[in-house]
Structure formats: structure tokens, C-alpha cells
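Here the numbering used here runs 6 ahead of the position in the sequence shown, where the first position is 1.
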Amino acid sequence: MLIEQQGTVGGMSTAGLMSHWTGSVESKMFSEIIRESARCNEGAFHEKPDVWINPEKLKNVYWNMLSDAGVEVWLYTVACLPIVEDGRVAGVITESKSGRSVLRGKIIIDASGDGDIAAASGVEYQKGREEDGKMQPATLMFKVAGVDTSRAVYLHSFESTFETPKGELQQLARKHLPNPAGHVLLYPTTLPGVVTCNMTNCVDVDGTDVLSLTRAEAVCRGQLYSIEAFLREYVPGYEKCFIVSSASLIGIRETRHFKGVYQLTQEDILQARQFEDWVVRGAHFNFDVHNLTGSGLDETGVQKHFPHQKSYTIPYRCMVPEKIENLLLCGRNISGTHMAHSNFRAMPICAAIGESAGIAAALCATKNIPLRKLAAAEIQSRL
Numbered sequence: 007m008l009i010e011q012q013g014t015v016g017g018m019s020t021a022g023l024m025s026h027w028t029g030s031v032e033s034k035m036f037s038e039i040i041r042e043s044a045r046c047n048e049g050a051f052h053e054k055p056d057v058w059i060n061p062e063k064l065k066n067v068y069w070n071m072l073s074d075a076g077v078e079v080w081l082y083t084v085a086c087l088p089i090v091e092d093g094r095v096a097g098v099i100t101e102s103k104s105g106r107s108v109l110r111g112k113i114i115i116d117a118s119g120d121g122d123i124a125a126a127s128g129v130e131y132q133k134g135r136e137e138d139g140k141m142q143p144a145t146l147m148f149k150v151a152g153v154d155t156s157r158a159v160y161l162h163s164f165e166s167t168f169e170t171p172k173g174e175l176q177q178l179a180r181k182h183l184p185n186p187a188g189h190v191l192l193y194p195t196t197l198p199g200v201v202t203c204n205m206t207n208c209v210d211v212d213g214t215d216v217l218s219l220t221r222a223e224a225v226c227r228g229q230l231y232s233i234e235a236f237l238r239e240y241v242p243g244y245e246k247c248f249i250v251s252s253a254s255l256i257g258i259r260e261t262r263h264f265k266g267v268y269q270l271t272q273e274d275i276l277q278a279r280q281f282e283d284w285v286v287r288g289a290h291f292n293f294d295v296h297n298l299t300g301s302g303l304d305e306t307g308v309q310k311h312f313p314h315q316k317s318y319t320i321p322y323r324c325m326v327p328e329k330i331e332n333l334l335l336c337g338r339n340i341s342g343t344h345m346a347h348s349n350f351r352a353m354p355i356c357a358a359i360g361e362s363a364g365i366a367a368a369l370c371a372t373k374n375i376p377l378r379k380l381a382a383a384e385i386q387s388r389l
């Protein structure tokens, strides 16, 4: 059973209008998502049409996969509180248009991004960066149409630059866009004349606080038309562009880091550690740390010029909370440090984590054993 608070499944890849799949991983399920997405993306003009996301097509890809698997889905439903009995999570309490519901289950998977159920269950955590609790900024993705794609400029990272007669685009953005916006990130789509923009920015956001989220939404929406005007004025190919859509789900990059049986570290990733109890392998991405106090890339981050070519693994222990039973951490809220999180938070890697979480939950429910008693080899044999 899947509980989803949005009106569609897929999170940032759909409601969040994410531009493309970043990072890589070995995952049959993610490969199926890519294959089905590429198959239905008619009109794709880029040399890698499977990289660029068409959110409307992807919604149907997800829905068809869930239907084929026989998953019961509740949309527009919020999982509010866990049911904790004797140190184990026995279910969740939900709220929806139908009122309050009590849903009990053998295994609960928290894939909420912020780990709301895990936090309410008493799993230990800290927010943000270890030394000061600062969290990565939030972004509201949007799309512009009317772009002359034969001349259009695309900048895929903060480290990408482009000189124009009026100046270098990243420098122009820092000068002319309202702070804390001030960078140019533009990505092609599979639709003619449409480009995805990752250019709004709000710092000092706590994605677990409703007032902070509301402020972030207001700040990012307040930047939209200044960015549109900037694109028309300074970026080749965008002279007649106009905003055609904006995300219904703001992009929250970082909140809680939970205490699991093992905490993945930056060093684990740099050393490309191959854990014996791996449940995700072939993971590769950069340390995507956005500036925690302004626009652009943080001094600890690296995007385009990430030199490390070896992939790493994620151990099963990162998904298992240190103390609470019957609960699996999933997606970006598995146990990891601030820097490690900046790497594994990429959607393909999170998808692979979810695949393993589902297998682990099914095995434990069928065998009627605790999660921490499950041998990782049993998960590995099914991946």
C-alpha cells in the first residue's frame, strides 16, 4: 500500500517538475522507469532522451507500474502519526478528505524525504550540516516556452559558464537577479521550445516547518518573473520566452539525518566502499551542495568537475534505525552525514534504495522476522 500526499505519485520527478535524472546506479526498477519513460517521450530531440524528464508522461509511467504490480494507492492522504507499540511501528494514522484512518502493517517504509514518521516514532536525528545545522536551500522548479532551441543556451551546472556580448551569464545573474537567486541552470526538455529552469532559490529553509515552507514558496514565486525578464534580456534563444508552468511541490534538498545502524560518510563514497551488506550498488554522483547562505555552489560542493569515477555501495544498515523496530528508512532520509547525503539524495540512487526497501519489507513480512534479522544476501539475490 502506498500513501501519497500529492495528487500524483513521483514526488520531485513529477509534481516537483524536476528537469532530468542526475547520477547513476544499478537498479532493475530504475532501468524500467527509464526505459518506459524514453519509450513514451515522442518528440525528444536530445541525444539522450532518456535523461530528460517529461513529468506528465512520467506520471503515467509510474501509475502503470503501480497498477501492474497491484499496489493500492491512496492519493491526497497525509501520514500524520505512527502507531508505536513496545518500541515497534505497527502502523500509521492518516488524514484525508475521508477523515482520519488507522492503517496497520507488518512493515512501515518512510520514504517521505523528511522522515516524518521516523521522527515521530522517536528515531534519533539531527538537521542539516553537523557543525551548525544549516540546511541546503530550497528551489521551485519552472518551465519556459517560446524558446528558440536552435540558438538556446543550456547551462547544466553552477560551474558551467557562457560568454555573451553583454557578459558572462553566471556573472550577469549574480548582478541582476534578486538575492538569493543569482545563478543560471537551464535544461532541455523533450518538448519543442520548452526549457526547464532551476533558478529560484531560498536559503535558511526548514522543510519540516510549515511556516518556513510557506516563506520559501513565497520567496521563490516572487523571483519567477524577474528570472523570466533576465532570460529574455541576457540569454540567447530566450528573447521571446514565457513561463508556462511552475512546480506544485517545492524542492527541499535537506532536512533530517537519522541515526541508523550505520551512517554513510563522505569518505565511504570517496573510497568507493563495497559493503558486504550492500543493498544499492553502482551508485555514482557528485557532492551536490548548493550554497547554504546565497546563490550558486557551496565551497564544499562539486558538480561538473567531480573527478571521482568509481561507484559506491549503500549498506542495508543505513536503512535500519538504530532502535525502533518494523520501520525502514528510505530515499534521502536514510542514515548518512550532510556530505554523503548531498550525493545519495539524487533521484536514481533514491529509487534504488526504494527498490531494496520494498524487497526487504516483503521478505520480513512473509517470513515474519524483524528487519534487523534479515540477511542482506536475501535482498541482493532479488536485485
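Virtual Cβ for every residue (Gly too), placed ideally from N, Cα, C.
Looking at the structure shown, is residue i part of a helix, part of a strand, or coil, going by DSSP?
i: G116; result: Gly is not the amino acid found at residue 116; the sequence shown has Asp there. Strand.
i: L219; result: helix
i: R227; result: helix
i: S232; result: helix
i: I59; result: coil
i: G139; result: coil
i: E383; result: Looking at the sequence shown, residue 383 is not Glu but Ala. Three-state result, A383: helix.
i: L389; result: coil
i: E260; result: coil
i: K133; result: strand
i: K149; result: strand
i: F51; result: In this prediction, F51 scores a pLDDT of 47, lower than 50, which makes its location untrustworthy; the coordinate-derived value is nonetheless stated afterwards. Of the three classes helix, strand and coil, the one that applies to F51 here is coil, per DSSP.
i: L8; result: strand
i: G360; result: helix
i: I40; result: helix
i: R157; result: coil
i: S19; result: helix
i: T170; result: strand
i: S254; result: coil
i: E273; result: helix
Hey, would you say residue i sits closer than 8 Å to residue j, going by beta carbons?
i: A363; j: L334; result: yes
i: V15; j: V79; result: yes
i: I256; j: L219; result: yes
i: E137; j: E328; result: no
i: G29; j: H347; result: no
i: Q176; j: T170; result: no
i: G302; j: D294; result: no
i: F248; j: V150; result: yes
i: E174; j: Q309; result: no
i: G300; j: V209; result: yes
i: A125; j: R262; result: yes
i: I113; j: C370; result: yes
i: S20; j: L72; result: The amino acid at residue 20 is misidentified as Ser; the sequence shows Thr. Contact: no.
i: L8; j: V77; result: yes
Pull up the CB-CB distance for residue i and residue j, whole angstroms please, since I reckon it's below 8 Å.
i: T319; j: R279; result: 7 Å
i: H26; j: Y193; result: 6 Å
i: L276; j: H314; result: 6 Å
i: V31; j: P354; result: 5 Å
i: M35; j: E361; result: 4 Å
i: D283; j: Y322; result: 5 Å
Excluding sequence positions up to five away, which residues of its chain have a Cβ less than 8 Å from the Cβ of residue i?
i: I340; result: F264, G266, L270, I320, C324, M325, F350, I359
i: G49; result: Reliability of the predicted coordinates at G49 is poor, the pLDDT of 48 falling under 50, and no value is obtained from them.
i: E91; result: none
i: F236; result: L178, A179, H182, L183
i: G128; result: V90, K329, I330
i: E234; result: V150, C247, F248, I249
i: D120; result: G213, T214, I258, T261, R262, N339
For residue i, collect the residues of the same chain with a Cβ closer than 6 Å to its Cβ; drop the 5 residues on either side in sequence, then sort them by chain order.
i: I258; result: A144, G213
i: F51; result: With a pLDDT of only 47 at F51, under 50, the local geometry of the prediction cannot be trusted, and no value is derived from it.
i: L23; result: P61, M147, A253
i: S317; result: G288, A289, H290
i: V241; result: V159
i: V67; result: E42, S43
i: L389; result: none
i: E10; result: L81
Please list, in chain order, all residues of the same chain as residue i whose beta carbon is under 7 Å from its beta carbon, the five residues on each side excluded.
i: G134; result: K140, M141, E260, H344
i: E101; result: V84, C86
Notebook entry, point to check: Which runs of the beta strand (DSSP E), 3 residues or longer, sit entirely within the stretch 61–116?
Noted result: 84–91, 94–102, 105–110, 114–116
Checklist line | Inside the stretch 307–354 only - alpha helix (DSSP H) runs reaching at least 4 residues | finding: 344–350
Check: Curious, which full-length alpha helix (DSSP H) runs of at least 4 residues does the stretch 179–211 contain?
Finding: none
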